[in-house]
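Everything on this sheet refers to the single structure shown next.
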Amino acid sequence: MGGCFSNASEASLPRGQSQAHNLKCTNRNSTIVSSAKKSKDEMTALNWYAKTDGKNFVRMQEISDEPLIMIATDNQLDDLRATYKQFFDKLTSIRGQLSNVICYGTDGEKALSDALAEAFPLGIHLRCFRHFHGNFLSFLTNLKIGETRSYFEEVFGKQEGDVYQEGLVDAASEEEFDARLLLLRESWAKREKCAVENCQVYQWMEERSLMVKSCMIASVRTKAGLGNPPMKFYTNDRENTNRRLRNKTNGREQGETSFIRDMKELIEDS
């Protein structure tokens, strides 16, 4: 028989509201016990692995909050920031010199960048150029602007043979960025065929100007150690690590012990 009640025969089916209620309570309790047992077994396996094969890899085990389900309310974003912060605090407690990191990079996730800024107050926050490029492209697409090449060249610069033409992000100071952005306002308004004060592209960039000036312009990247003239920052290498891990696990959901074992092998094979 089976089915949603996992009955062995027709005689086991509920024959009334009361029996249906009792069967539902029984199934719920069985699920809770099974889930708790699975969690306990996983923690036992993890503890054993940490003391044997993984003893030089697993640095710390500690009971923490339940995993978060993100629906992106303000409270949940605050909880996520706190979770990130807790993780970074553990890192610095294990290796104290990490507190003095020169810079860190993100794709723009606010909870992550806020936690990093709190955990590493001496570090410079670098924003990924590829992700910001994608944000700008999405905005221009939604605005139904067909020809976007000029915008990207003016913001991100362009390379023609051996000659590089600077963009907004190549400003050597915050003041220079503001001046360059202001110079673009009129030409952007003409492309949009609107009054200068109604230029949506300018408004979009102005709203993000503080982030660009603090995380992306040339002077910030040079200070973060990316050279002079500085390289642009991308999170590609980190995302490639995520891709390698997905390939190693074949994209399957794993328990904590299996995941840590795969991470250890991935690092050792690098």
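Going by numbering that gives the first Met the number 0, 169 is the number at position 170 of the sequence shown; the sequence numbering is gapless.
Glycine is no exception: its CB is placed at the ideal position from the N, C-alpha and C atoms.
{"Asked": "Distance, D236 Cα to G166 Cα", "Found": "24 Å"}
{"Asked": "As assigned by DSSP and simplified to three states, the class of G133", "Found": "helix"}
{"Asked": "Per-residue burial, R80 [other beta carbons within 10 Å of its own, 16 or more giving buried]", "Found": "buried"}
{"Asked": "Whole-angstrom distance between E174 and S34, CA atom to CA atom", "Found": "Caution is warranted here: a pLDDT of 48 is assigned to S34, below 50, making its placement in the model unreliable, and the coordinate value is therefore given only provisionally. So the two alpha carbons sit approximately 58 Å from each other."}
{"Asked": "V32 in three-state terms, based on DSSP", "Found": "Confidence at V32 is low in this model, with a pLDDT of 44, below 50, so its placement is unreliable and the value that follows should be read with caution. Reduced to three states, the DSSP call for V32 is helix."}
{"Asked": "Strand pairing of G273, partner residues [DSSP]", "Found": "Missing from the structure shown is residue 273; the chain here goes from 0 to 269 and no further."}
{"Asked": "Residues that L125 bridges to, as DSSP identifies them", "Found": "G104"}
{"Asked": "Alpha-carbon spacing of K231 relative to F119, whole angstroms", "Found": "21 Å"}
{"Asked": "Cβ contact check for the region 180-193 and the region 132-139: 3 or more pairs under 8 Å", "Found": "no"}
{"Asked": "Where the alpha helix (DSSP H) through V200 begins and ends", "Found": "199-206"}
{"Asked": "Close beta carbons around L244, own chain, < 8 Å, minus the five adjacent residues each side", "Found": "D261, M262, L265"}
{"Asked": "Proximity below 8 Å, CB of F87 to CB of G107", "Found": "no"}
{"Asked": "Beta-carbon proximity check, A170 vs A110, cutoff 8 Å", "Found": "no"}
{"Asked": "Classification of G160 by the beta-carbon crowding that lies within 10 angstroms, buried from 16 upward", "Found": "exposed"}
{"Asked": "Neighbourhood of T105 by C-beta distance below 6 Å, restricted to the same chain and skipping five residues each side", "Found": "L111, S112"}
{"Asked": "Cβ contact (3+ pairs, closer than 8 Å) linking the region 245-258 and the region 138-152", "Found": "no"}
{"Asked": "Contacting residues, own chain, Cβ-Cβ under 7 Å from E277 (five flanking each side not counted)", "Found": "As displayed, the chain neither begins before 0 nor continues past 269, which places residue 277 out of reach and without an answer."}
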